[in-house]
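Student: Residue numbers (the numbering used here): 606 to 875.
Idealized CB from N, CA, C, for every residue including glycine.
Computed from a prediction, not measured in an experiment: that's the story for all the values here.
This is the structure I have questions about; it appears just below.
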């Protein structure tokens, strides 16, 4: 018998930890048919999904049943998940090897704080993928057959928030109205229902009271409602119609085409 000692058997190799990933995905305005193919593929590959409040159940139905869904929504007037906590959830999950989807209503980079999240992820050494979605303002106008730009009525469009950062600079509505009047711009106002009276007052300092306005609530969804009014009657119309958030307010002459089409439709029906 040999006196030579045998080396103990080597431990099995530990496979390297799979790197995680983060995708900021635009869920669009709610109708799942408006999702991009890229968004659907990202959802189907996800193991962790961090979801905004305004993402519809129909879109969430595309998430695999094996994925962990966490609701981290933000709604004005409601209890919200702090932004740093959302960013920490994304970073921790990615470092644990998860395929993370941050699912946002509309487009991640239009009033979705996507820019802040990209900065936070990059600071943590994680390069996210961004998947665009149809923003609510565009979907709202399309649902009425109104273009945001038109050679005869509007040479440009401004997407603006009606809900400024707390203790931050607010929108200069009179100046914005003056620019819209001088440059023939369409104003598409997000999150403006709660501040409608303030916004109306400011815009009337630079735009005529007869300026056409459309308000679209829950654009693209079966529960969509809308009203057509004027800037001078905006607040009254909101109260009369009972419209509320989430809604988009469109201000500008492009709305005239919608009103004309409705009149023609009524005349044809008669």
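#1: Decide if the segment 769-781 is in contact with the segment 729-745; the criterion is three or more beta carbon pairs, one per stretch, under 8 Å apart.
#2: What residue from 862, 705, 698 has the CA that sits closest to residue 750's CA?
#3: Could you check which residue in 827, 706, 671 has the C-alpha nearest to that of residue 631?
#4: Per DSSP, residue 841 is paired with what?
#5: To the nearest angstrom, how far is it from the Cα of residue 785 to the Cα of residue 765?
#6: Tell me the DSSP secondary structure of residue 774 in three-state form.
#7: Where does the unbroken alpha helix (DSSP H) through residue 642 begin, and where does it stop?
#8: Quick check on residue 829: does DSSP put it in helix, strand or coil?
#9: Quick check: what's the CA-CA separation for residue 860 versus residue 650?
#10: Could you check the C-alpha separation between residue 825 and residue 697 for me, to the nearest Å?
#11: How many Å lie between residue 639 and residue 745 at the Cα?
#12: How big is the Cα-Cα spacing for residue 851 and residue 754?
#13: How long is the line joining the alpha carbons of residue 767 and residue 775, rounded to whole angstroms?
#14: Terminal residues of the continuous alpha helix (DSSP H) containing residue 808?
#15: Since residue 792 sits in a beta bridge, which residues does DSSP pair it with?
#16: Judging by CA-CA distance, which residue of 812, 666, 855 is the nearest neighbour of residue 781?
#17: At which residues does the alpha helix (DSSP H) containing residue 631 begin and terminate?
#18: Determine the extent of the beta strand (DSSP E) in which residue 707 is found, giving its start and end residues.
#19: In chain order, what residues of the same chain have a beta carbon less than 8 Å from the beta carbon of residue 663, not counting five sequence neighbours either side?
#20: In the DSSP assignment, what are the bridge partners of residue 819?
#21: Here's the rule: buried if 16 or more other CB atoms are within 10 angstroms of the residue's CB, otherwise exposed. What is residue 673?
#22: I want to see whether chain B comes within less than 8 Å of residue 803, judged by CB atoms only; does it?
#23: Could you tell me if residue 831 is buried or exposed, where buried requires 16 or more neighbouring beta carbons within 10 angstroms of its beta carbon?
Tutor: Reading off the structure:
#1: Not touching, per the Cβ criterion.
#2: Minimum Cα-Cα distance from residue 750 among the listed residues 862, 705, 698 corresponds to 862.
#3: Of the candidates 827, 706, 671, the one whose C-alpha sits nearest the C-alpha of residue 631 is 706.
#4: Bridge partners of residue 841: none, in fact.
#5: Each residue's Cα considered, the two are about 12 Å apart.
#6: In the structure shown, residue 774 sits in coil (DSSP, three-state: anything other than H, G, I, E or B).
#7: Where residue 642 is concerned, the enclosing alpha helix (DSSP H) stretches over 642-649.
#8: Note: residue 829 maps to coil in three-state DSSP.
#9: When the Cα atoms are used, residue 860 and residue 650 turn out to be separated by approximately 41 Å.
#10: Rounded to the nearest angstrom, the two C-alpha atoms are 34 Å apart.
#11: Taking the straight line from one Cα to the other gives about 12 Å.
#12: Looking at the two C-alpha atoms, the distance is approximately 23 Å.
#13: In this structure, the CA atom of residue 767 is about 9 Å from the CA atom of residue 775.
#14: Segment 801-808, the alpha helix (DSSP H) holding residue 808.
#15: Its beta-bridge partners are 763, 856.
#16: Selected option, being the one with the closest Cα: 812.
#17: The continuous stretches of alpha helix (DSSP H) do not include residue 631, which lies in the beta strand (DSSP E) extending over residues 626-631.
#18: Here the beta strand (DSSP E) through residue 707 covers 704-709.
#19: The answer, listed in chain order, is 635, 636, 637.
#20: The partner list for residue 819 (beta bridge, DSSP) reads 833, 855.
#21: That one is exposed.
#22: Judged by its chain identifiers, the structure shown contains no chain B, having just a single protein chain.
#23: Buried.
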